[in-house]
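In the numbering used here, the protein residues as written are 5 to 306.
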């Protein structure tokens, strides 16, 4: 509760600051799946005065939309470790089964050489552009139009989806894109507009790495029980893979999410008079303390 409440209030303030800086409204888009609970808390805290949207993005779809030329394809292949799963690489590049069959069994190096042939590059770039159109149609379904300012909101932690999709959205569709995260620990500075409620301004890299290491329970508490997006229809409708764990796990998550929302709904009324020491940084410190206890002391005795 304290973590999500602080995060939601901070996102609201960051969106207002961005709007003031640009001189136009900012559309707040929570990235699903892990942005589900943060969005619920934000909408509750804001009382509907600053409506937010929900965007379904994944690393797969963000990358798939960004193969704009041979250099983009080459950079993607160069960043992959030597796993020899050329079928995985082919799916990411948008190759059909027939194309993969024609390529035959190849090593990862040979595969990279084949797909960088001029004819293959033309096909990959054309399909990526079509995919980008469908992805933007998904944004349009959330009220985003060309030239808008948008803020992508997620748990974090490197902002990889933003790294892949922001240049495309900015160059091709004229958007101004910012990213705001619960935790941000960029090991290599991207130069993009990114901030975290907790980031390098508040913790050193070792501290941020320590928080991100056991973060999986927070992701499980924040997510929505649906599969990850892998494509979009022409109207922007998300096409997903099958969902994972169900049953008891979903029931536990639902109860915990409802408890989080109850906290956010009642927290303001529990304060009669704030302490004199309660300043601008206090919610961040409270969130950092609560998050640390959750991650490192998950025992009833603590």
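Where a beta carbon is used, it is the ideal one built from N, C-alpha and C, also for glycine. What you are looking at is a predicted structure, and each value in this text was computed from that prediction instead of being measured.
Segment contact, 8 Å Cβ cut-off, at least three pairs: the segment 184-196 with the segment 206-222: Under the three-pair Cβ rule at 8 Å, the segment 184-196 counts as touching the segment 206-222.
Distance CB(residue 179)-CB(residue 158) smaller than 7 Å: For the 7 Å CB-CB criterion, residue 179 and residue 158 do not form a contact.
Length of the line joining the Cα atoms of residue 56 and residue 32: Rounded to the nearest angstrom, the two C-alpha atoms are 5 Å apart.
DSSP state of residue 60 mapped onto helix, strand, coil: The answer is strand: DSSP assigns residue 60 an E or B state.
Unbroken stretches of the beta strand (DSSP E), 3 residues or longer, contained in the segment 95-173: Counting only runs that start and end inside the segment 95-173, the beta strand (DSSP E) elements of at least 3 residues fall at 153-158.
Exposed unless 16 or more other CB atoms sit within 10 angstroms - verdict on residue 268: Residue burial is scored here from C-beta neighbours: residue 268 has at least 16 other C-beta atoms within 10 angstroms and is therefore classed as buried.
Proximity test, residue 39 beta-carbon vs the ligand FMN heavy atom, cut-off 6 Å: As far as ligands go, the structure on display features none, and thus does not contain the ligand FMN.
Stretch-stretch touch, CB-based, cutoff 8 Å, three pairs: the segment 120-127 with the segment 136-155: No: the two stretches stay apart, fewer than three of their Cβ pairs being nearer than 8 Å.
DSSP state of residue 76 mapped onto helix, strand, coil: Helix, per DSSP.
Segments assigned beta strand (DSSP E), at least 3 residues, entirely inside the segment 11-61: Runs found: 30-36 and 56-60.
Under 7 Å between C-beta atoms of residue 236 and residue 138: Yes, these two residues count as a Cβ contact at 7 Å.
Neighbour-count burial assignment, residue 168, 16 or more Cβ in a 10 Å radius: Under this definition residue 168 is a buried residue.
Where residue 83 falls: helix, strand or coil (DSSP): For residue 83, the secondary structure class from DSSP, reduced to helix, strand or coil, is coil.
Given residue 176 as reference, the closest of 197, 194 and 149 once Cα atoms are compared: Nearest option by C-alpha distance: 149.
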